[in-house]
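So the structure is just underneath, and the comments pick up after that.
In UniProt numbering, the protein residues as written are 1 to 261.
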């Protein structure tokens, strides 16, 4: 595990990192955008009145989509003040503030009572968490009896050297990447009956290529103008490492759904 903590991640997302990833991915800031949100929502059984907790909710794109499209009531939790403030502003502009709210907080010590959410949700963001065992335990605590955990995340899918692992995670500010089997074990350990444990890495490399192409294409001038050449080159190098690792089958994504026993 790298020496990366919540302060490192929030500092990055208060600055250039959050802005650039939104440029590359859109305001949902996860692979696949609304299409992936819809797939996870169907698997999780999200519908009218479903109480969803979006853990590490970022700019709130998925939360608003769940409210607008499925009629869910969504609470977003994120540790980065800029992301929370921007999520609140965008939600008010969308006219969804009566169904979507956001709170600042730590996913490892959630500021919620036990057993109050129908669905605990995450999309491609739990890779930033230092203690995923404690994260899953907290998810179970706040889920109602019989409630659902539903999330996707970036995972380690193949063998790599310690240097490769360090370089990939350091660029993304991931303390470490979990594996498919690792997440399944954590879910079972904390009392979730696993309903879905799917490797969805098939299109991960193509998405990484798309981000690299966008970075080198139309976004280059905007990033250099706003954040400088050094920032652009660091992004270019880092995404290049992820493209190579994805092409070699060393990194990818997983989708997980479980029911609280």
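Don't be surprised by glycine CBs; every beta carbon is placed ideally from N, CA and C.
Please work out which residues of its chain come closer than 6 Å, Cβ to Cβ, to residue i, disregarding the five sequence neighbours upstream and downstream, and give them in chain order.
i, result
"residue 9", "128, 173"
"residue 158", "249, 250"
"residue 231", "16"
"residue 220", "none"
"residue 99", "67, 73"
"residue 112", "142"
Between the C-alpha atoms of residue i and residue j, what's the straight-line distance to the nearest angstrom?
i, j, result
"residue 242", "residue 196", "26 Å"
"residue 135", "residue 150", "13 Å"
"residue 103", "residue 177", "26 Å"
"residue 154", "residue 125", "8 Å"
"residue 142", "residue 148", "10 Å"
"residue 70", "residue 260", "22 Å"
"residue 160", "residue 200", "19 Å"
"residue 228", "residue 222", "9 Å"
"residue 114", "residue 145", "10 Å"
"residue 58", "residue 187", "23 Å"
"residue 47", "residue 72", "6 Å"
"residue 132", "residue 167", "21 Å"
"residue 67", "residue 1", "36 Å"
"residue 204", "residue 94", "30 Å"
"residue 79", "residue 105", "5 Å"
"residue 101", "residue 233", "36 Å"
"residue 169", "residue 162", "11 Å"
"residue 137", "residue 218", "42 Å"
"residue 245", "residue 180", "17 Å"
"residue 97", "residue 110", "21 Å"
"residue 239", "residue 207", "11 Å"
"residue 76", "residue 7", "19 Å"
"residue 235", "residue 213", "12 Å"
"residue 52", "residue 121", "7 Å"
"residue 198", "residue 108", "25 Å"
"residue 183", "residue 87", "28 Å"
"residue 116", "residue 253", "28 Å"
"residue 345", "residue 139", "Shown here, the chain extends from 1 to 261; a query on residue 345 therefore has no answer."
"residue 255", "residue 39", "10 Å"
Residue i by DSSP, collapsed to three states: which one?
i, result
"residue 235", "helix"
"residue 28", "coil"
"residue 67", "helix"
"residue 3", "coil"
"residue 259", "strand"
"residue 35", "helix"
"residue 196", "strand"
"residue 101", "strand"
"residue 171", "helix"
"residue 111", "coil"
"residue 129", "coil"
"residue 116", "coil"
Output needed for residue i: all residues of its chain with C-beta closer than 8 Å, excluding positions within five of it in sequence on either side, in chain order.
i, result
"residue 25", "31, 33, 211"
"residue 22", "29, 59"
Suppose the cutoff is 7 Å on Cβ atoms and the five residues either side in sequence are ignored; what does the same chain contact list for residue i look like?
i, result
"residue 43", "150, 196, 257"
"residue 41", "66, 70"
"residue 62", "28, 37, 54, 123"
Kindly indicate the opening and closing residues of the alpha helix (DSSP H) around residue i.
i, result
"residue 180", "180 to 189"
"residue 46", "Residue 46 -> no alpha helix (DSSP H), and no H or E assigned at all."
"residue 14", "6 to 14"
"residue 133", "132 to 142"
"residue 227", "219 to 227"
Within 9 Å of any Cβ in chain B, is that where the Cβ of residue i sits?
i, result
"residue 248", "Any reference to chain B falls outside this structure, which holds one protein chain only."
Grab the span of the beta strand (DSSP E) containing residue i for me, first residue to last.
i, result
"residue 203", "Counting along the chain, residue 203 falls outside any beta strand (DSSP E), and DSSP gives it neither H nor E."
"residue 77", "73 to 78"
Segment contact flag, the region 9 to 24 with the region 81 to 94, C-beta cutoff 8 Å, min 3 pairs: yes
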